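Residue numbers (the working numbering), protein chains in the order written: chain A, 4 to 558; chain B, 24 to 696.
Glycine residues also receive a C-beta, built at the ideal position from the N, C-alpha and C atoms.
Keep in mind the model is a prediction, meaning the values are calculated, not measured.
Input: a single structure, listed below in structure tokens.
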């Protein structure tokens, strides 16, 4: 049995850390760890954290010294710290501060890079990609302002962190505050974790603060955290999000909860091109260009808006061209918001480098236990393939096999049965393949939303669903992210993008808004097919968050 | 410890084997003048009585110097060391000449006596059986051999112990990935798995993991079959059930076999195993902090086990490769911390810190889960592929569930369902290995009806089609033939037979138990009992000196007796009597050139005498050599002496004029070399 003297943390020689969540001190230890370690997974018994070079440097930039890190580890560690862990933390963590980026008062177009170790100078100057950016002067090197992000990124790749001492710019002031009661008449109070998340990004306002990424579960109110940061900085703000429906949701939320004139809020999308003190924009419009060799005409919105704050909603979706431009916007406050920082292109580190490090992350199960997100029961239903497709499946290519399994017509009946089993619930049927979704939509007599559905029609259908006038929506992957449907309590996934963990989590996220009853997530998978393997992979992120899948076979 | 009667018996045997002249010399020293003809048994009895007297024994004990204790403790651990062995284990810290003379002194004090069982073969010594118990009770300890550390936090050497976690992890990797043959698996492990699974990638650690891998092949737990590898689950179970010490030994054997062509044979020998047991017992019993102590321990283990070590430095390096390491005493507060009990998380990861994952005597984790991490926390992952593989290895759903439930107390319901589904999927096809026999209707009736054939019949495939066991082909063919068919046709297509799975194993036939007694002396010496407070050597030596001065009739006698007192040969007043012959050490020095030559001449080719030569080295420092004199070259002013320097036997020719002091020393009281 655990008692109060038990220490909850076990530190491994590879700098991963296991937190025994059944220990009474686990919560306190967790709060101490998140400043310098990243949460890797948080199932029900043992949570895993990892210390990386970047997490150590981020901690250092926020004022947490190497000795303090070691002190916290000593305090919570159940066993003696492995020698190599102490060595590694001292060695890697100790590099922070050896390279500083400072203002250069004589010329505002450049910054001064100071390198305090001759060995580091030699190593850095040996890299052409970096030395090309640097102009030697008496007390260091000069670097053009616009290359600030790129330089930091390149140096981090070489394991040289830059202590960026240049204060962030504040942008043009925009007075804005939360209403105590929303315009819909609902009393509004910021939750503790939302406040902590905002605190973790803004810190004390000194160098090393004012930018970062916040990871919170779907349905836990990331938008509110973004708005809290917006009100605290009260500056011109650009919000980037994934699609027009999400743009409209942001605008609706801001209008509802912030005390600001609607004329101050703009939409910059394919439909409208408004630039206002608070502007919400899609990634798509930024990255649109007439042809593949042309410039991105709308990217100027980012550069020329005199923004004091940029919010990257669903930052895991950040497209590559926006990475590049973000590297040039290092003087602006930046906040990334996401529930699942998993990128199939493995560029998570670049998100951390350019937008900002992960500042706040909380286990899903913790918010579930506190009632801030809905309890969800996940069920995988295995469906046999009809006999007439067995041979077709057996001789198909890998891709064909997956398609045949995904579009298994037997799934239709199960969808109907599940809907019958949930007569009171609001239901999303989510899938990957349009042909399949069209058939389902037709059979159920429920509206279908796909990429081809116009924005106005999408908004209308979402509105009807929110108002309870539509109980079932059949949706393609356009509804994977950023769509807030508070009353949805059942999601039936009929097909998905192969083994995408992030998609699975985001789809579950559609039904996690807190509500009286539990939510139900059903994933229909063809038995004895490759879909089973992909499904197992898709579920990894959620099982690592403590979700258990029940497997049922449809006979 | 032995009973008194048997100790007296051994003591008597020890004295009985001594030549009369030596015996008489000894007896005279202890009980004074001996009239001739003498009666040996009577004299032996007198000596026995003397060595059974409390007062005498107390003085024996009080007169022990630190070097005496060191040598006696060493002798006790070694059992029956030669004089040379005893000296060489301490020669790193004390000069060989001093050690050799200390041993001779212990011999003449009858604290070390010839071991009657080894006398003829190895000239072994042992502690006087009449005093051994008393010395063990209060005077001797391993601390005399291995100095304690000045600081409680000083790291000390110990074997990590064979790590079953590593064995289990490697088995899991071999079962659930395609590591392939021994050679291929070493490459894949080094490049892909060692860092990710074990969290370390320094060269010695990689070498150790690869040794474990080699051990699995060497012990025939992994058996190469073409390009792939088969696992013998039963042998794996047997190996995993070994204690860490035994696993360490297996690893040691593998390491030795890797570096020496003749080593595989040596590695299976009893001396080799004895060596390992002695060394590991020493390291477990007393903290050894310094390299010097480690070398001493290795030498002791080498002499005790009779395993010769050609190059000690290489050998110690090998010990470090197989798991010898330097550790610090864990802090008490950390020892009190609870272990992480095995639990299955929702992502089907099983994590735990300590303990062997054994349920109902079975260690199956590696069979049904893939190793993710072996560190402070060990993590395994269960998934469809690993469970399917477990089925393939012959585990049933019930076995898997029982094991997981016993291990983790509760299995997520989802996993239980999944295992059921996976079993169903696994069972959707059955692939038999056997020989298909097609028979006509008449023979079919016979095959189905004949009880003696049934044990060999795997399955009835269809009418007239039977699958028979491949391994017992000869037997069922004979039975079928005997039914009246006569000569049976050969199989239509011959397929290579599988090798037998029942391979003779050394794993189950450990001689560890039989070697346990050699650990006993180490354990006995582990803790020193409180020393007696009375009497102190100073007290009685003062009185004895007075008595000698009073009793000696002339100066020569007085010097003789005082020399004996100095060498602790006189412990009680009854020993104060003039002894025939000189027992003083003879020496010549300085300008006494002729004296030096005479001593050298007398020692040439002597089997009982050595020369201690004091010379100056190139830097002008005094150097003392203990030597065997081989030849005196010339006897004039330019005389030189050819000697063998002990203990290494290096030959030197030294001009007498360069030797500023010569001492003639006894080589041994008992032995003629």
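Short-range partners of chain B found in the stretch 517 to 546 of chain A, where Cβ spacing is below 7 Å: 531, 539, 543 and 546
Environment of residue 578/B [buried if 16+ CB atoms lie within 10 Å]: Exposed, since its Cβ has fewer than 16 Cβ neighbours within 10 Å.
DSSP state of residue 268/A mapped onto helix, strand, coil: strand
Where the beta strand (DSSP E) through residue 672/B begins and ends: Run containing residue 672/B: none; DSSP gives neither H nor E here.
Run of the alpha helix (DSSP H) containing residue 72/B, from where it starts to where it stops: It spans 63 to 73 - the alpha helix (DSSP H) in which residue 72/B sits, taken as one unbroken run.
Residues from the stretch 91 to 117 of chain A in contact with chain B, defined by Cβ distance under 9 Å: For the stretch 91 to 117 of chain A, the set of positions with a beta-carbon nearer than 9 Å to some beta-carbon of chain B is empty.
Same chain, Cβ closer than 6 Å to residue 387/B, five either side skipped, listed in chain order: 426
Where residue 466/A falls, given that 16 or more other Cβ within 10 Å makes a residue buried: exposed
Run of the beta strand (DSSP E) containing residue 482/B, from where it starts to where it stops: 480 to 485
Expected contact under 8 Å - CB spacing of residue 521/A and residue 378/A to nearest Å: 4 Å
Cβ pair count under 8 Å reaching 3, the stretch 460 to 478 of chain B against the stretch 430 to 439 of chain B: No, because fewer than three Cβ pairs between the stretch 460 to 478 of chain B and the stretch 430 to 439 of chain B fall closer than 8 Å, the two stretches do not touch.
Cα-Cα separation, residue 338/A to residue 234/A: 13 Å
is_contact[residue 448/B, chain A] using C-beta, thresh 8 Å: yes
Residues of its chain near residue 237/A, where Cβ-Cβ distance is below 7 Å and the 5 sequence neighbours each way are ignored: Counting only Cβ-Cβ distances below 7 Å, and skipping sequence neighbours, we find 176, 177, 178 and 179.
The stretch 34 to 46 of chain A: positions lying closer than 7 Å to chain B by Cβ: The stretch 34 to 46 of chain A vs chain B, Cβ under 7 Å: 44 and 46.
Short Cβ contact (8 Å threshold) for residue 251/A with residue 462/A: Yes, the Cβ-Cβ distance between residue 251/A and residue 462/A is below 8 Å.
Near-chain A residues of the stretch 389 to 413 of chain B - C-beta to any C-beta below 8 Å: 396, 398, 399, 400, 406 and 407
Residue 623/B, enclosing alpha helix (DSSP H) - first and last residue: Residue range 616 to 626 is occupied by the alpha helix (DSSP H) that includes residue 623/B.
Supposed close pair residue 542/A, residue 507/A - CB separation, criterion 8 Å: The C-beta separation of residue 542/A from residue 507/A comes to about 6 Å, placing the pair in contact by the 8 Å criterion.
Spatial neighbours of residue 40/A in its chain, beta-carbon cut-off 7 Å, leaving aside the 5 residues before and after: 20, 52, 53, 54 and 58
Rounded separation between residue 519/B and residue 460/B - CA only: Because the pLDDT at residue 519/B is just 40, under 50, the model does not fix this residue reliably, and the value given afterwards should be weighed accordingly. For residue 519/B and residue 460/B, the distance between alpha carbons rounds to 17 Å.
Within 9 Å of chain A by C-beta, residues of the stretch 365 to 382 of chain B in sequence order: Taking 9 Å as the Cβ-Cβ cut-off against chain A, the residues of the stretch 365 to 382 of chain B that qualify are 366, 367, 368, 369, 370, 371, 372, 374 and 376.
Proximity test, Cβ basis, 8 Å: residue 411/A and chain B: no
Three-way DSSP call (helix, strand, coil) for residue 332/A in this model: coil
Cut-off 7 Å between Cβ atoms - residues of its own chain near residue 600/B, not counting five sequence neighbours on either side: 55 and 56
Span separating the alpha-carbon of residue 677/B from that of residue 650/B: Each residue's Cα considered, the two are about 11 Å apart.
Residue burial classification, residue 65/A (beta-carbon count within 10 angstroms, cutoff 16): buried
is_contact[residue 550/A, chain B] using C-beta, thresh 8 Å: yes
Spatial distance of residue 91/B from residue 101/B (CA atoms): 15 Å
Beta-carbon neighbours of residue 155/A, restricted to chain B and to distances below 7 Å: Result: empty, since nearest Cβ-Cβ is about 28 Å, beyond 7 Å.
Any beta strand (DSSP E) of 3 or more consecutive residues that is wholly inside the stretch 388 to 474 of chain B: 393 to 397, 401 to 404 and 458 to 461
Identity of the residues DSSP links to residue 553/A by a beta bridge: Residue 553/A is bridged by DSSP to 382/A.
Test item: CB-CB of residue 457/B and residue 492/B under 8 Å: yes
Test: residue 82/A CB closer than 8 Å to a CB of chain B: yes
Pairwise C-alpha distance: residue 409/B and residue 390/B: 8 Å
Reduced DSSP category for residue 209/B - H, G, I as helix; E, B as strand; rest coil: Look at residue 209/B here: in three-state DSSP terms it is helix.
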